[in-house]
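> Numbering (the UniProt record's numbering), first residue to last: 1 to 353. For each residue, glycine too, the CB sits at the ideal point set by N, CA and C.
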Amino acid sequence: MVEDSDQTQEAGQSPDHSTVALSRRTLLQSTLAGSAILAGVGLPIATANDEQSDAKGTGNSTDSLEGFPPSGITEYGRSVTLGNGRVRTFTSETPSGEAKYHGIEFDHAALEGLPDETDITESDNRAETDKYRIGGQAATIHFKQSLQFFVPFPDAANTPFTFLGLNWNPDGHFGGKGAWEKPHFDIHFHMLDPATVDNIAGPQVPPYDAKTSDGIETNFDFAQLPEGYMRPPPPVADERYITDMGEHAAPTDAPELPNGPDEQGDPTNFDNTLIQGFIGDKEGSQLAFVEPMLTREFLSGFQGTKTYDIPQPDEYPHDQHHPHEYSVRDVPSTDKIAVVIESFKQGSNQAKE
Numbered sequence: 001m002v003e004d005s006d007q008t009q010e011a012g013q014s015p016d017h018s019t020v021a022l023s024r025r026t027l028l029q030s031t032l033a034g035s036a037i038l039a040g041v042g043l044p045i046a047t048a049n050d051e052q053s054d055a056k057g058t059g060n061s062t063d064s065l066e067g068f069p070p071s072g073i074t075e076y077g078r079s080v081t082l083g084n085g086r087v088r089t090f091t092s093e094t095p096s097g098e099a100k101y102h103g104i105e106f107d108h109a110a111l112e113g114l115p116d117e118t119d120i121t122e123s124d125n126r127a128e129t130d131k132y133r134i135g136g137q138a139a140t141i142h143f144k145q146s147l148q149f150f151v152p153f154p155d156a157a158n159t160p161f162t163f164l165g166l167n168w169n170p171d172g173h174f175g176g177k178g179a180w181e182k183p184h185f186d187i188h189f190h191m192l193d194p195a196t197v198d199n200i201a202g203p204q205v206p207p208y209d210a211k212t213s214d215g216i217e218t219n220f221d222f223a224q225l226p227e228g229y230m231r232p233p234p235p236v237a238d239e240r241y242i243t244d245m246g247e248h249a250a251p252t253d254a255p256e257l258p259n260g261p262d263e264q265g266d267p268t269n270f271d272n273t274l275i276q277g278f279i280g281d282k283e284g285s286q287l288a289f290v291e292p293m294l295t296r297e298f299l300s301g302f303q304g305t306k307t308y309d310i311p312q313p314d315e316y317p318h319d320q321h322h323p324h325e326y327s328v329r330d331v332p333s334t335d336k337i338a339v340v341i342e343s344f345k346q347g348s349n350q351a352k353e
């Protein structure tokens, strides 16, 4: 693969690796009642939580020797401007052509000077095409102000991932009964083409659900719902499907979620939560994106490298290579933070490996 010409990879600096001990609690489906979940996506026109899942400090000798992302096998997508810096996508493949990483790289400066809710509300870049451009699109997403970008990934053989949807939410967004109303980024790794995602309107009932006098009839494919995840509950069915995104399933053990249906979420416990999402039609749904939600506070103070499991479905929406882990990586040699999906293994649309 060809590296981007404006990036100098500095080798020889190994990240610090740490192990995160986890403690989780079980959450019943009813605890999400009263709110739906949010997220974001796209393609270019211009050219210009710390305790999530089974966190573990893991190293890779190739990364340590060659820097991160590893030089010589990494290709970069286009840059977009964010805060006082920029972000860009990248894809790394092994010399034999196997997918190693899809990721997004933040300048540390991109975490400073971010627009607040008023800035986004008053912005004039609200055209539908602006989300494909270098400055992004100011938009109302799930009743809150958000700055969103649609940025392609460089191609990788044998993975379904096509583009990244990045949303900066200065006041958080609704969902989890207030659990996510904290400044954070939604980082969507999408498996479908941008045109499909771009045509999603919401908030609304997903096309594979139908409200009836007895409740909801659904063609949702529960075999593709990852282990430990649940859909937004029936009381918020009208808000399950989000503009430019789709439906979002949350891990039941996220520490910020409420303990019961009569309680509120606790955004003070929110820093890094993995959402997994669905898109579909009247015939059914399919797992369509993997989405780390990370607070600005978490990323700004992050050091070292932490790797987290991506829970898997019983059946996959494809027979390509699917990520089994994601990581957050501080890269002091280039003054950047990377968020990465990795540990790709052959999926199967018949059964989980």
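Tell me, please, which residues DSSP counts as bridged to residue 228.
If you number the sequence shown from 1, residue 228 lands on position 228. Residue 228 pairs with nothing; no bridge assigned.
> Please name the residue, chosen from 141, 176, 138 and 125, that lies closest to residue 258 on a Cα-to-Cα basis.
Here residue 258 refers to the residue found at position 258 when the sequence shown is read from its first residue. With distances taken between Cα atoms, residue 258 lies closest to 176.
> In three-state DSSP terms, what is residue 120?
As a position in the sequence shown, residue 120 is number 120, starting the count at 1. Of the three classes helix, strand and coil, the one that applies to residue 120 here is helix, per DSSP.
> Mind checking whether residue 285 and residue 335 have CB atoms under 7 Å apart?
Here residue 285 corresponds to residue number 285 of the sequence shown, with the count starting at 1. Here residue 335 corresponds to residue number 335 of the sequence shown, with the count starting at 1. In this structure, residue 335 does not lie closer than 7 Å to residue 285 by Cβ.
> Please determine, among 105, 144, 249 and 95, the residue with the shortest C-alpha to C-alpha distance to residue 151.
Against the sequence shown, residue 151 aligns to sequence position 151. It is 105.
> What does DSSP give as the partner residues of residue 284 in its beta bridges?
Here the question's residue 284 lines up with position 284 in the sequence shown. DSSP, once it has assigned bridges, lists 281 as partnering residue 284.
> Tell me which residues share the same chain as residue 86 and place their Cβ nearer than 7 Å to its Cβ, disregarding the 5 neighbours each side in the sequence.
Along the sequence shown, one-based indexing puts residue 86 at 86. Excluding sequence neighbours, residue 86 sits near 79, 80, 107 and 110.
> Between the stretch 275-289 and the stretch 310-323, are three or more C-beta pairs nearer than 8 Å?
Segments in contact, yes.
> Do you know offhand how far residue 278's Cα is from residue 267's?
On the sequence shown, residue 278 is found 278 positions in, with the first residue counted as 1. On the sequence shown, residue 267 is found 267 positions in, with the first residue counted as 1. Cα to Cα, residue 278 sits roughly 24 Å from residue 267.
> Where residue 303 and residue 219 are concerned, what is the direct C-alpha to C-alpha distance, given to the nearest angstrom?
For this step, residue 303 is matched to residue 303 along the sequence shown. For this step, residue 219 is matched to residue 219 along the sequence shown. Between residue 303 and residue 219, the C-alpha separation is close to 43 Å.
> Residues bridged to residue 241 by DSSP?
To locate residue 241, count along the sequence shown from 1; it is residue 241. BP columns for residue 241 point to 204 and 247.
> Look at the alpha carbon of residue 343 and the alpha carbon of residue 100, and state the distance between them as a whole number of angstroms.
Taking the sequence shown and counting its residues from 1, one reaches residue 343 at position 343. Taking the sequence shown and counting its residues from 1, one reaches residue 100 at position 100. Between residue 343 and residue 100, the C-alpha separation is close to 7 Å.
> Do the stretch 112-130 and the stretch 155-165 touch if we need at least three Cβ pairs shorter than 8 Å?
No: the two stretches stay apart, fewer than three of their Cβ pairs being nearer than 8 Å.
> Taking 7 Å as the threshold (C-beta atoms), are residue 77 and residue 89 in contact?
Taking the first residue of the sequence shown as 1, we reach residue 89 at position 89. Taking the first residue of the sequence shown as 1, we reach residue 77 at position 77. In contact: residue 89 and residue 77 (Cβ atoms closer than 7 Å).
> For residue 131, which of helix, strand or coil comes out of DSSP?
Working through the sequence shown from its first residue, we reach residue 131 at position 131. Reduced to three states, the DSSP call for residue 131 is helix.
> Under a Cβ-count criterion, where at least 16 other Cβ atoms within 10 Å of its own Cβ denotes burial, should residue 346 be classed as buried or exposed?
As a working note, residue 346 is residue 346 in the sequence shown. Counting Cβ neighbours within 10 Å, residue 346 comes out exposed, since fewer than 16 surround it.
> Do residue 113 and residue 83 have their beta-carbon atoms positioned less than 7 Å apart in this structure?
As a first step, residue 83 must be located in the sequence shown, where it is residue number 83. As a first step, residue 113 must be located in the sequence shown, where it is residue number 113. The answer is yes: Cβ separation under 7 Å.
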